[in-house]
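If you're matching positions, the sequence shown starts at 88 in my numbering and goes up one per residue. Quick reminder that beta carbons are idealized off the backbone N, C-alpha and C, glycines included. Keep in mind that this is a model prediction, so the values were computed, not measured. Below you'll find the structure, written out as structure tokens, and then a few comments.
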Amino acid sequence: MQENSFDADGSYLLSVPHPDDHGLIGDIPRFGADVQVLAPSALRSKVQKGFLEATAKYV
88 MQENSFDADG
98 SYLLSVPHPD
108 DHGLIGDIPR
118 FGADVQVLAP
128 SALRSKVQKG
138 FLEATAKYV
């Protein structure tokens, strides 16, 4: 079940249960700097790796 709330600083927190990281890894980057993966750490690492690899192509 998806859960959402607002943090004290006004950030929107969304918890999405998802059995497969692959779809999320494709969806998350389209939000750019407007989104941050907080957990799980394995998903966060995969998303970070993708951003770093993309950045390396343009910097």
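Annotated as proximal: Val134 and Ile115, with beta-carbon spacing under 7 Å. The Cβ atoms of Leu130 and Val122 do not sit closer than 7 Å to each other.
Note on geometry: alpha-carbon atoms of Gly137 and Ala120 lie some 14 Å from one another. Under the three-state reduction of DSSP, Leu100 is assigned to strand.
Taken atom to atom, the span from the alpha-carbon of Leu139 to that of Met88 is near 31 Å.
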